[in-house]
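Colleague: According to numbering that gives the first Met the number 0, the sequence shown is numbered sequentially starting from 0.
No residue lacks a Cβ here, since even glycine has one placed at the ideal position from N, Cα and C.
Just so we're clear, the structure is a prediction, and the values are computed from it rather than from any experiment.
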Amino acid sequence: MRIHTTLRRAARRAGRRTAGLALTALLAALLAALLAGLHAGSATPTANAAAVTGTQTFPLFGINSAGHLFDYEPSGSGGVKPKVDMGAAAVNVTAMVQTDAPANGRSVDFYFRLNGSLWYTADRGGDTRLIGGGWDIYNLLIAPGDLGGTAYPDLLGRDSAGDLYLYQGGADGVLAPRVKVGNAWDTMDQIAGKGDLTGDGKADVVARDSTGVLWLYPGTGNATAPFGTRTRIGAGWNIYNALVSTGDNNGDGKCDLIARDTAGALWLYKGTGSAAAPYATRVQIGTTGWNGYTTLF
Ligand SMILES: [Ca+2]
Ligand SMILES: [Ca+2]
Ligand SMILES: [Ca+2]
């Protein structure tokens, strides 16, 4: 009850700081829905504590066209548990990513974009703050883990010109001013990452170009030049309409990749820890129905 009151107050304060009543109502609805999920017992962060210095295990989330948020907790062996409906938590939300802002190996925090502003909420409603306005300039946001700079996970945004910007994250979710870290990323139609794929402890990302080739961008640990020379993982990845990483799905400390095919089935590519051949042969972790989500993260 105390938490709920705190959330309502936070929503009111947040609304006053930005666009007024309409946003207050939207944010209040979102927070209420997140909190309902929390109270339903669905939102126990399942990240393994041993992963603080490695790649963390996150749940998989889906948002459907009605703005309902669904939580799939990890099974531990690579798959996911049955979904939990967290309610209409993502109505009018135009982007949402998850992160472990304090880098404690346990938190499941969100950044989400609502009415063009970016918000941060800790552990699904525990602490919510406005990051800032003007975030509609990005057509893709991902939280790939710690790319350098701060010892906390960072955020990447790609704008319509194809420029890529890095925001260094803080333990409280607050982001440092952006730094441009790349261009021509608009040739990529999927970008994914959530921790270390190559075995060197530095977070990496993978990206698929418009011809279906998947590329590895190895992390350098340098926040102003976070990626080394890319290497080609392989062709044929355009059989998928979504590529997303939720960290280490099978608990071996290596970042994995989830892919959704056009029939709505879900596949897991377990990370090998080798930059030369970063993924093992795929295994199916979902049969049908996954195309019902407009966003997976
Ligand atoms: Ca960082
Ligand atoms: Ca790496
Ligand atoms: Ca793994």
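Who are the Cβ neighbours of Val282 in its own chain at under 6 Å, not counting the five residues just before and after it?
Modeller: Counting only Cβ-Cβ distances below 6 Å, and skipping sequence neighbours, we find Leu267.
Colleague: Which class does Asp70 belong to by DSSP, given the choice of helix, strand or coil?
Modeller: Three-state DSSP puts Asp70 in a strand.
Colleague: Flag Leu117 as yes when its Cβ comes closer than 8 Å to any non-hydrogen atom of ligand 2, and as no otherwise.
Modeller: No, since every heavy atom of ligand 2 falls outside the 8 Å radius drawn around the Cβ of Leu117.
Colleague: Can you tell which of Leu196, Asp208, Asp199 has its C-alpha closest to the C-alpha of Thr186?
Modeller: Looking at the Cα atoms, Asp208 is the closest of the given residues.
Colleague: Does the distance from the CB of Tyr216 to the CB of Phe69 come in under 9 Å?
Modeller: No; because the gap between Cβ atoms is not below 9 Å, this pair is not in contact.
Colleague: With a threshold of 16 other CB atoms inside 10 Å of the CB of Gly40, please say whether the residue is buried or exposed.
Modeller: Below a pLDDT of 50, predicted positions are generally treated as unreliable, and Gly40, at 39, falls in that range; the measurement from the model is reported next regardless. The residue in question, Gly40, is exposed, as its Cβ has fewer than 16 Cβ neighbours within 10 Å.
Colleague: DSSP on Gly169, reduced to helix/strand/coil?
Modeller: Gly169 falls in the coil class under three-state DSSP.
Colleague: Using the C-alpha atoms, what's the distance from Phe296 back to Tyr137?
Modeller: Roughly 16 Å separates the two Cα atoms.
Colleague: Under DSSP, the beta strand (DSSP E) around Gly181 begins and ends at which residues?
Modeller: That run of the beta strand (DSSP E) goes 178-181.
Colleague: Under the three-state reduction of DSSP, which class applies to Asp195: helix, strand or coil?
Modeller: Correct three-state label for Asp195: coil.
Colleague: Hey, which residues come within less than 7 Å of ligand 1, measuring from Cβ to any heavy atom, in chain order?
Modeller: Listed by chain position, these are Asp145, Leu146, Gly147, Gly148, Thr149, Ala150, Tyr151, Pro152, Asp153, Gln167, Gly168, Ala222.
Colleague: Run the Cβ filter for me: residues under 5 Å from any heavy atom of ligand 2, listed in the order they occur in the chain.
Modeller: Counting every residue whose Cβ lies closer than 5 Å to a heavy atom of ligand 2, we get Asp195, Thr197, Asp199, Lys201, Asp203, Gly218.
Colleague: Note down the Cα distance separating Ala50 from Val90, rounded to an integer number of angstroms.
Modeller: Interpretation of Ala50 is limited by its pLDDT of 37, a score under 50 that renders its predicted location unreliable; no figure is taken from the coordinates.
Colleague: Are Val205 and Ser244 close, meaning C-beta to C-beta below 9 Å?
Modeller: For Val205 and Ser244, yes; Cβs fall inside 9 Å.
Colleague: Alpha carbon to alpha carbon, how far is Thr219 from Ile62?
Modeller: Near 32 Å, if we compare the C-alpha coordinates of Ile62 and Thr219.
Colleague: Report the residue from Gly194, Gly270, Ala275, Arg259 whose alpha carbon sits nearest the alpha carbon of Arg311.
Modeller: The structure shown does not extend to residue 311, since the chain is modelled only from 0 to 296, so the question has no answer here.
Colleague: What's the gap between the Cα of Thr223 and the Cα of Lys179?
Modeller: If you take the alpha carbons of Thr223 and Lys179, they lie about 8 Å apart.
Colleague: Determine whether the beta carbon atoms of Ala142 and Thr98 lie at a separation below 9 Å.
Modeller: Contact: yes.
Colleague: Got a sec? Which residues, its chain only, sit under 8 Å from Tyr151 by beta carbon, not counting five neighbours each side?
Modeller: If we look at Tyr151 and ignore the five residues flanking it on each side, its Cβ neighbours are Ala100, Pro101, Ala102, Asp145, Gln167, Gly168, Gly169, Ala170.
Colleague: Can you list, in chain order, the stretches of the beta strand (DSSP E) that have 3 or more residues and sit fully within the stretch 105-168?
Modeller: 108-113, 116-121, 126-131, 137-144, 153-158, 163-166, all fully within the stretch 105-168.
Colleague: So Thr54 and Gly194 are in contact, right, with Cβ under 8 Å, and what is the actual spacing, rounded?
Modeller: Their Cβ separation, rounded to whole angstroms, is 3 Å, which keeps Thr54 and Gly194 in contact under 8 Å.
Colleague: CB-CB under 8 Å to His38, same chain, minus the five flanking residues each way: which ones, in chain order?
Modeller: Note that His38 scores a pLDDT of 43, beneath 50, so its modelled location is shaky; the value from the coordinates is reported in the next line. Around His38: no qualifying Cβ.
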